[in-house]
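Student:
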Amino acid sequence: MVNFSNRIPHRAAHATLRALCLVTALLPWRVDAQTQPVPPLAPNLSLQSGSQPGAQAVPGFWDPRRRPERPDLSRLTVIRFLTETDYPPFNYTGPDGNPAGFNVDLARALCEEIKVTCTIQMRRFETLLDAIASNRGDAIIASMAVTPAIRARVDFTDPYYRAPGRFVARKDAVLKEMRPEYLEGRKIGVIAGTAHEAFLKAMFTDATLLTFQSDDALRQALRKGEVDVIFGDAIALAFWVNGTDSGDCCAFSGGPFIESRFFGEGIGIAVRRGNDTLRQALNWALFRTWEKGRYTDLWLKYFSISPF
Numbered sequence: 008m009v010n011f012s013n014r015i016p017h018r019a020a021h022a023t024l025r026a027l028c029l030v031t032a033l034l035p036w037r038v039d040a041q042t043q044p045v046p047p048l049a050p051n052l053s054l055q056s057g058s059q060p061g062a063q064a065v066p067g068f069w070d071p072r073r074r075p076e077r078p079d080l081s082r083l084t085v086i087r088f089l090t091e092t093d094y095p096p097f098n099y100t101g102p103d104g105n106p107a108g109f110n111v112d113l114a115r116a117l118c119e120e121i122k123v124t125c126t127i128q129m130r131r132f133e134t135l136l137d138a139i140a141s142n143r144g145d146a147i148i149a150s151m152a153v154t155p156a157i158r159a160r161v162d163f164t165d166p167y168y169r170a171p172g173r174f175v176a177r178k179d180a181v182l183k184e185m186r187p188e189y190l191e192g193r194k195i196g197v198i199a200g201t202a203h204e205a206f207l208k209a210m211f212t213d214a215t216l217l218t219f220q221s222d223d224a225l226r227q228a229l230r231k232g233e234v235d236v237i238f239g240d241a242i243a244l245a246f247w248v249n250g251t252d253s254g255d256c257c258a259f260s261g262g263p264f265i266e267s268r269f270f271g272e273g274i275g276i277a278v279r280r281g282n283d284t285l286r287q288a289l290n291w292a293l294f295r296t297w298e299k300g301r302y303t304d305l306w307l308k309y310f311s312i313s314p315f
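Take 8 as the starting number for the sequence shown in my numbering and just add one per residue.
#1: Taking a contact to mean a Cβ-Cβ separation below 8 Å, would you say residue 228 touches residue 196 in this structure?
#2: Excluding the 5 residues preceding and the 5 following residue 295 in the sequence, name in chain order all residues of the same chain whose CB lies nearer than 6 Å to its CB.
#3: For residue 274, write down the residues that DSSP places opposite it in a beta bridge.
#4: Please identify the residue among 241, 184 and 289 whose C-alpha is closest to the C-alpha of residue 314.
#5: Please state whether DSSP places residue 185 in a helix, a strand or coil.
#6: Hey, could you find the ends of the beta strand (DSSP E) residue 128 is sitting in?
#7: At a cut of 8 Å, does the segment 174-186 reach the segment 156-165 through at least three beta carbon pairs?
#8: Kindly indicate the opening and closing residues of the alpha helix (DSSP H) around residue 308.
#9: Can you say whether residue 191 is buried or exposed, counting buried as having 16 or more other CB atoms within 10 angstroms of its CB?
#10: Start and end of the beta strand (DSSP E) containing residue 257?
#11: Using three-state DSSP, classify residue 3 as helix, strand or coil.
#12: So, under 8 Å CB-CB, residue 127 and residue 102 are touching, yes? Tell me the CB distance rounded to an integer number of Å.
#13: Please go through the same chain and pick out, in chain order, the residues whose beta-carbon is closer than 8 Å to the beta-carbon of residue 83, but skip the five residues on each side of it.
#14: Who are the near neighbours of residue 194 in its chain, counting only those whose CB is closer than 6 Å to its CB and skipping five residues on each side?
#15: So, is residue 114 buried or exposed, given that buried needs 16 or more other C-beta atoms within 10 angstroms?
#16: Please name the residue in 277, 118, 80 and 211 whose C-alpha comes closest to that of residue 137.
#17: Taking Cβ to Cβ, would you say residue 310 is nearer than 8 Å to residue 245?
#18: Between the alpha carbons of residue 268 and residue 213, how many angstroms are there, rounded?
#19: Under three-state DSSP, which class holds residue 107?
#20: Once the 5 residues before and after residue 178 are set aside, which same chain residues still bring their CB inside 7 Å of it?
#21: Who does residue 98 pair with in a DSSP beta bridge?
#22: Return the first residue and the last residue of the alpha helix (DSSP H) that residue 248 is part of.
#23: Looking at residue 132 and residue 76, is the spacing between their C-beta atoms short of 8 Å?
#24: Terminal residues of the continuous beta strand (DSSP E) containing residue 190?
#25: Taking residue 206 as part of the alpha helix (DSSP H), name the residues at either end of that continuous run.
#26: Skipping 5 residues on each side, what residues in its chain have a beta carbon closer than 7 Å to that of residue 14?
#27: Find the nearest neighbour of residue 206 within the set 263, 150, 153 and 145, judged by alpha-carbon distance.
#28: Just how far apart, CA to CA, sit residue 326 and residue 201?
#29: Residue 316 and residue 152: beta carbons closer than 8 Å?
#30: If you run the structure through DSSP and keep just helix, strand and coil, what is residue 230?
#31: For the alpha helix (DSSP H) containing residue 285, name the first residue and the last one.
#32: Is residue 98 closer than 8 Å to residue 140 when the C-beta atoms are compared?
In structure tokens, the structure reads:
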């Protein structure tokens with residue numbers, strides 16, 4: 008199991024911002040909390056084969072009953088993947104100086120499935136879209152959220168994971184489910200100005216929201232008992248819960264929330280607009296990688312506590 012608990016804190020805010028690319032467009036949107044049902048939990052979650060309750064949950068977004076047809080791969084001779092330089096455990100520079108991480112290993116698995124030569128180049132995140140547009144790469148695999156704004160510039164594969172929202176509570180107060188009626192009158196901590204705050208305002212109307220300006224302040228409030236639970240980006244929270252900074256105080260409470268109007272459509276691989284040949288090939292390879300169990304193996308390698 009790869010443990011990045013000592014590397015992730017300085018990237019936690021970046022992770023939250025990345026996962027919430029829709030926040031600007033979403034905040035004006037209103038929900039009638041009296042009629043809106045509680046958002047569904049993440050679909051297609053599976054447990055590691057042969058595991059017991061409480062085992063690692065692995066996201067799966069592929070329906071085995073909807074097997075994609077193998078596309079014509081004869082036109083693909085090379086795939087130039089682009090990824091980000093420093094977003095562990097998804098992509099980072101390994102000890103040998105080469106690209107490493109979940110996204111990098113997944114890209115290599117896709118290339119093996121397609122049986123095509125691939126290269127993986129690391130760039131700053133803000134340069135990736137321009138690099139694709141100027142033909143300096145063919146596909147971006149860098150935990151890029153699928154949003155309407157980015158869809159205007161690139162096409163995306165099917166999502167291969169999501170960045171859900173989750174509650175965290177102190178270990179002596181963990182609940183199996185987190186429903187609005189369970190948190191009536193309780194204090195929920197959340198980062199101000201995020202889609203997570205907007206979600207809580209719409210769905211958990213009878214709770215008391217306390218907003219914070221930083222992840223550190225939010226998490227310390229939970230440790231000190233100033234709030235009953237906190238709500239935020241599940242990926243960043245998973246590393247905090249499993250890391251030394253939490254002091255083993257806390258754990259996820261309830262399951263993940265993936266309401267797309269707040270948390271986006273998921274994370275996909277970006278390709279140039281109109282490059283259907285590559286997009287279809289990657290979709291087919293993603294399904295095959297999941298079907299063979301390689302996706303699950305990679306997920307369990309990098310996530311000691313699943314965001315799901």
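Using N, Cα and C, we set each Cβ at its ideal position, and we do this for glycine too.
Tutor: Well, looking at it:
#1: yes
#2: 120
#3: 152 and 168
#4: 241
#5: coil
#6: 124-130
#7: no
#8: 301-309
#9: exposed
#10: 257-264
#11: Residue 3 lies beyond the range of the chain shown here (8 to 315); nothing can be said about it.
#12: 16 Å between Cβ atoms; not a contact.
#13: 121, 123, 284, 285 and 288
#14: 215, 217, 234 and 235
#15: buried
#16: 277
#17: yes
#18: 21 Å
#19: strand
#20: 256, 257 and 258
#21: 94
#22: 241-249
#23: no
#24: Neither: residue 190 is in no beta strand (DSSP E) and is coded neither H nor E.
#25: 202-210
#26: Legend: pLDDT at residue 14 = 35, less than 50; position of this residue unreliable, value from coordinates given subsequently. Answer for residue 14: 95, listed in chain order.
#27: 263
#28: Since the first residue shown for the chain is 8 and the last is 315, residue 326 is missing from the structure and cannot be characterised.
#29: The structure shown does not extend to residue 316, since the chain spans only 8 to 315, so no value can be given for it.
#30: helix
#31: 283-298
#32: no
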